[in-house]
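Going by our numbering, the first residue of the sequence shown is number 1, and it counts up by one from there.
Here's the structure, in structure tokens; my notes come after.
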Amino acid sequence: MMKNFNSYLDIAEEVAEALASGKPVVALESTIISHGMPYPQNVETALEVERVVRENGAVPATIAIIKGRLKVGISKEEIDYLGKKGLAVIKTSRRDVPVLIAKQEDGATTVATTMILAAMAGIKIFATGGIGGVHRGAETTMDISADLEELAMTPVMVVCAGAKSILDLGLTLEYLETKGVPVLGYQTKELPAFYTRESGFEVDYRADTPKEIAAIFTAKMDLKLKGGMLVTNPIPVEYAMDHETISKSIQEAVERAEKLGIKGKETTPYLLNEIQIITKGESLKSNIQLVLNNAALASQIACEMCR
1 MMKNFNSYLD
11 IAEEVAEALA
21 SGKPVVALES
31 TIISHGMPYP
41 QNVETALEVE
51 RVVRENGAVP
61 ATIAIIKGRL
71 KVGISKEEID
81 YLGKKGLAVI
91 KTSRRDVPVL
101 IAKQEDGATT
111 VATTMILAAM
121 AGIKIFATGG
131 IGGVHRGAET
141 TMDISADLEE
151 LAMTPVMVVC
161 AGAKSILDLG
171 LTLEYLETKG
181 VPVLGYQTKE
191 LPAFYTRESG
201 FEVDYRADTP
211 KEIAAIFTAK
221 MDLKLKGGML
231 VTNPIPVEYA
241 MDHETISKSI
251 QEAVERAEKL
261 GIKGKETTPY
271 LLNEIQIITK
281 GESLKSNIQL
291 VLNNAALASQ
301 IACEMCR
């Protein structure tokens with residue numbers, strides 16, 4: 001006998017109550033816990049992100065798969081569990097979800113999977129660090145993140161610091177345009193590039209307030225236009241890295257990955273770790289701050305949408 005998705009889904013009591021009463025909720029991913037940084041910094045950061053969401057008036061819903069259950073809102077103990085298990089947790093995109101359910105295994109959700117589970121629960125806004133995109137050399141490797149396809153299909157707003165600068169940013173924007181995904185810059189017309197505020201590429205539209213962003217997404221939902229929306233939020237000036245320095249670090253990391261034959265979903269965690277080593281930890285500090293910044297903006301937008 002077939003079941004519906006609710007049979008596999010566990011929504012935390014606080015999150016369920018907030019959704020039922022029309023309070024603002026912000027979804028958060030779990031790959032940053034397992035694959036983003038070492039223990040215990042990963043757990044400390046995840047809890048700090050949740051604190052920032054609350055501080056800005058919303059309810060946090062960190063999303064993961066634990067022992068085959070789809071979890072929307074996990075406890076401190078579950079965050080610690082994922083943090084300690086680290087890279088042993090499967091980095092989970094859309095294709096992995098049914099396998100992990102059937103095998104009752106753990107999964108850390110990527111942008112794509114967090115969007116899927118958020119939509120199942122009825123959450124409309126998701127804060128992350130940066131999205132995946134079209135990888136360098138994708139014209140021959142066809143290495144394009146599932147995050148982009150999910151943005152084209154799933155009605156969730158993603159607030160990020162742009163696409164990770166290890167990607168081909170121009171082709172990433174072209175792909176999103178083809179799929180009809182609106183790309184907004186928060187108080188900027190230039191696409192931020194994760195560690196830096198500039199990239200040399202323009203986004204579709206500039207939006208200057210959380211209220212304006214909320215109005216645009218509300219109109220999109222009212223019109224029943226397919227897919228989500230991408231809000232790009234530049235890293236705060238005081239935590240931004242020098243564009244030339246980070247570009248050289250990225251190129252060095254990409255060359256190392258190519259020599260080692262690292263491909264697919266292992267690419268991003270490897271490159272981020274290498275960049276952290278090359279920059280002597282500076283990139284990790286920037287990474288943490290931009291996630292906190294995105295969580296604050298997403299919460300403010302969520303509050304405006306509830307009004």
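The C-beta atom is built at its ideal place from N, Cα and C for all residues, glycine as well.
Nothing here was measured: the structure is a model prediction, and the numbers come from that model.
Which listed residue (the options) has its alpha carbon closest to that of residue i
| i | options | result |
| --- | --- | --- |
| A146 | I123, T92, D168 | T92 |
| P210 | I90, N294, V52, E48 | N294 |
| V291 | T188, E29, T141, Y205 | E29 |
| M142 | R256, K263, A18 | K263 |
| I63 | A240, E44, A121, Q41 | A121 |
| E48 | I288, C306, A298, G180 | I288 |
| R206 | A219, G200, A118, V231 | V231 |
| K179 | G227, M221, A161, K189 | G227 |
| G22 | K285, E44, S286, G57 | G57 |
| L272 | Q251, K259, G261 | Q251 |
| A161 | Y81, C303, P236 | P236 |
Residue range of the alpha helix (DSSP H) that includes residue i
| i | result |
| --- | --- |
| I250 | 243–260 |
| P60 | First-last for P60: 59–66, but that is the beta strand (DSSP E), not the alpha helix (DSSP H). |
| R69 | Per DSSP, R69 belongs to no alpha helix (DSSP H); it is in the beta strand (DSSP E), 69–72. |
| R136 | Premise fails: R136 is in no alpha helix (DSSP H) and is neither H nor E. |
| E55 | 41–55 |
Helix, strand or coil at residue i according to DSSP, with G and I counted as helix
| i | result |
| --- | --- |
| Y175 | helix |
| L292 | helix |
| M157 | strand |
| E29 | coil |
| M2 | The predicted position of M2 is uncertain, since its pLDDT is 49 and thus under 50; a value taken from the coordinates is nonetheless stated next. The answer is coil: DSSP assigns M2 none of H, G, I, E or B. |
| Y8 | coil |
| I166 | coil |
| V89 | coil |
| I144 | strand |
| A16 | helix |
| C303 | helix |
| A152 | helix |
- Message: Check whether the region 104–112 and the region 9–17 are in contact - that is, three or more C-beta pairs closer than 8 Å.
- Response: No: the two stretches stay apart, fewer than three of their Cβ pairs being nearer than 8 Å.
- Run through the region 91–124 for me and flag every whole alpha helix (DSSP H) of 4 or more residues, listed as ranges in chain order. The region 91–124 contains, as complete alpha helix (DSSP H) runs of 4+ residues, the segments 97–103, 111–121 (chain order).
- Item | Meets three-Cβ-pair contact criterion under 8 Å: the region 133–143 and the region 162–182 | As far as the Cβ criterion goes, the region 133–143 touches the region 162–182, which means the pair count is three or higher.
- Query: Hey, which unbroken runs of the beta strand (DSSP E) at 3 residues or more fall wholly within the region 175–233?
  - Reply: Within the region 175–233, the runs of beta strand (DSSP E) that reach at least 3 residues and sit entirely inside it are, in chain order, 183–186, 205–207, 229–232.
- Message: Three Cβ pairs or more, each shorter than 8 Å: is that satisfied between the region 191–207 and the region 157–170?
- Response: The answer is yes - the region 157–170 touches the region 191–207, with three or more Cβ pairs under 8 Å.
- Message: Would you call the region 244–264 in contact with the region 183–190, where contact means no fewer than 3 C-beta pairs closer than 8 Å?
- Response: The region 244–264 makes no contact with the region 183–190: fewer than 3 CB pairs, one atom from each, lie closer than 8 Å.
- Task: May I ask you to verify whether the region 82–97 touches the region 30–42, counting CB pairs closer than 8 Å and requiring at least 3?
- Result: Enough Cβ pairs lie closer than 8 Å, so yes.
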